[in-house]
Amino acid sequence: MILTKAIGYILIAAGLATIIITCFYSYNIYTGKASAPIIFQIPVSVETSSGPQSLQDQIEQTVQKQISQVLPPAIFSKILNLATWSLFAFILIFAGGTIASIGIKLIK
Numbered sequence: 002m003i004l005t006k007a008i009g010y011i012l013i014a015a016g017l018a019t020i021i022i023t024c025f026y027s028y029n030i031y032t033g034k035a036s037a038p039i040i041f042q043i044p045v046s047v048e049t050s051s052g053p054q055s056l057q058d059q060i061e062q063t064v065q066k067q068i069s070q071v072l073p074p075a076i077f078s079k080i081l082n083l084a085t086w087s088l089f090a091f092i093l094i095f096a097g098g099t100i101a102s103i104g105i106k107l108i109k
C-alpha cells in the first residue's frame, strides 16, 4: 500500500516534470531564445549564368528571383521545423498527462 502510493507520487512528479519542461522549451523556441531542432533543411540552389539566354529564360529567372525575395526558401524549412517541434511537444505533454494520470490512479 505504501509502495504503490510512493510510486504514484513519483509518477505524478515525473508527468508534471515532463509537461513543465516541454512547455519551458516550447516557450524558449517560440520567443526566439532557442532555435527549433533542425529536422528539415531545404537546400538553396545556386544560380549560374552562362552566356546569352532566350527571352523566355530571362523572364523565368526574373520571376523566380522575385518570388524568392517575397518567400525566401529558408522560411519553409523553419515552418516545417516549428511544426515538427509542435507535434513532438504535443506528444510529450500528452504522455506526461498520461503518466500523471496513472500516478493518480495508484494513489487512490
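Residue numbers (the numbering used here): 2 to 109.
All C-beta atoms in this analysis are idealised placements derived from N, C-alpha and C, irrespective of residue type, glycine included.
In terms of Cα proximity to Cys24, the closest of Ser87, Ser102, Leu72 is Ser87. Nearest C-alpha to Ile20 among Ile30, Phe91, Lys79, Phe41: Phe91. For Leu72, no alpha helix (DSSP H) encloses it, and the DSSP letter there is neither H nor E.
The residue from Gln57, Ile39, Ile105 with its alpha-carbon nearest to that of Phe77 is Ile39.
By the criterion of at least three beta-carbon pairs nearer than 8 angstroms, the segment 91-108 is not in contact with the segment 62-73. Annotated as proximal: Ala37 and Leu83, with beta-carbon spacing under 7 angstroms.
Per DSSP, reduced to three states, the secondary structure at Gln54 is coil, with no helix or strand assignment. The beta carbon of Ile94 sits closer than 8 angstroms to those of Thr19, Ile20, Thr23, Cys24, all from its chain and outside the five residues before and after it, given in chain order. With respect to the 7 angstroms criterion, Gly16 and Ala101 are classified as neighbours on the basis of their beta carbons.
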